[in-house]
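Q: In our numbering, the protein residues as written are 14 to 209.
Here a beta-carbon is modelled for each residue, glycine too, at the ideal position from N, C-alpha and C.
Written as structure tokens, this is what we have:
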């Protein structure tokens, strides 16, 4: 049962990475409808329903993954490097071009869109590319490559993690572990000072 839930979470994370693109395509269709460039037919209705469903599932999946408290651990940051810019702009520009050029009002365009999403989804999930998520960047999350130790252990580990704000080296944080390519740093640990 746990493996099936993880597969669903992975699929929803994949959808969440494309929410900005789905939104762009949805807005484009709405503008074309309002300007009478598109007629309200069966295919366009399917397009609208599909896009709304994908946007909702993507947002719900992201919320599910961010606020899931399974595997929460306390860590100490030893070194960190903000690598948000290495993955965001190239990926974002790619799907902006994809969204603007694709004509979903034609059956061939809709089939091409579905096939491209299936191919990208297979590569995205199979290779755990969850760290490539422009929606998180838009929401204010930074993407870090960090070296850390888990509380109570001396082994240094390395991982890619999201955090809303600026990380500080030498400080303790709670992390929500999914895998080495998709981990959320929940919040900083504030230790109480002992009275002497």
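1) Could you spell out the range, first to last residue, of the beta strand (DSSP E) harbouring residue 158?
2) Measure the C-alpha to C-alpha separation of residue 130 and residue 179 and round it to an integer number of angstroms.
3) Would you mind sorting residue 65 into buried or exposed? The rule is 16 or more other CB atoms within 10 Å of its CB.
4) When you compare only the Cα positions, how much space is there between residue 51 and residue 44?
5) Give me the Cβ distance between residue 92 and residue 159, rounded to the nearest whole Å; I'm assuming they're in contact under 8 Å.
6) When DSSP builds the beta bridges, which residues end up paired with residue 197?
7) Please report the distance separating the alpha-carbon of residue 26 from that of residue 74.
8) What residues in its chain sit with their C-beta under 8 Å from that of residue 202, if we drop five residues either side in the sequence?
9) If contacts are defined as beta-carbon pairs under 8 Å, then residue 156 and residue 97 qualify, I think. What distance do you get, rounded to the angstrom?
10) Are residue 42 and residue 71 closer than 9 Å when you measure CB to CB?
11) At the level of alpha carbons, what is the spacing between residue 79 and residue 133?
12) Per DSSP, which one or two residues make a beta bridge with residue 87?
13) Just mark residue 196 as buried or exposed, buried being the case when its beta carbon has 16 or more other beta carbons within 10 Å.
14) Taking all protein chains shown into account, decide if residue 172 is buried (16 or more other Cβ within 10 angstroms of its Cβ) or exposed.
A: In brief:
1) 154-163
2) 33 Å
3) exposed
4) 9 Å
5) 7 Å
6) 175 and 189
7) 6 Å
8) 87, 184, 185, 186 and 187
9) 4 Å
10) no
11) 22 Å
12) 187
13) buried
14) buried
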